[in-house]
Amino acid sequence: MASIISKYINWLQKDAPVGEVERYPEINENGETSVKGIYIVGDLTGIPLLKL
């Protein structure tokens, strides 16, 4: 029984990403980073912009 559960757990995690979680860059309310003149838009801001 344990091997069935183990196989199931491995199957669930087959395509799951592994490793460290990447942090989003810090931005101000205008989208500017701490590097003056560098702006971030889109998914890097932490808000997915998918429109269906």
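Taking our numbering, the leading residue of the sequence shown gets 664, the next gets one more, and so forth. From the three backbone atoms N, C-alpha and C, an ideal C-beta is built for every residue, glycine too. Please read these numbers as outputs of a predicted model, since none were measured by experiment.
Using 8 Å for Cβ pairs, my map puts residue i next to residue j. What's the rounded Cβ distance?
i: residue 694; j: residue 702; result: 5 Å
i: residue 689; j: residue 697; result: 6 Å
Considering Cα atoms alone, identify which of the options is closest to residue i.
i: residue 708; options: 699, 700, 698 and 691; result: 691
Kindly indicate the opening and closing residues of the alpha helix (DSSP H) around residue i.
i: residue 691; result: Where residue 691 is concerned, there is no enclosing alpha helix (DSSP H), given that its DSSP letter is neither H nor E.
i: residue 675; result: 665-675
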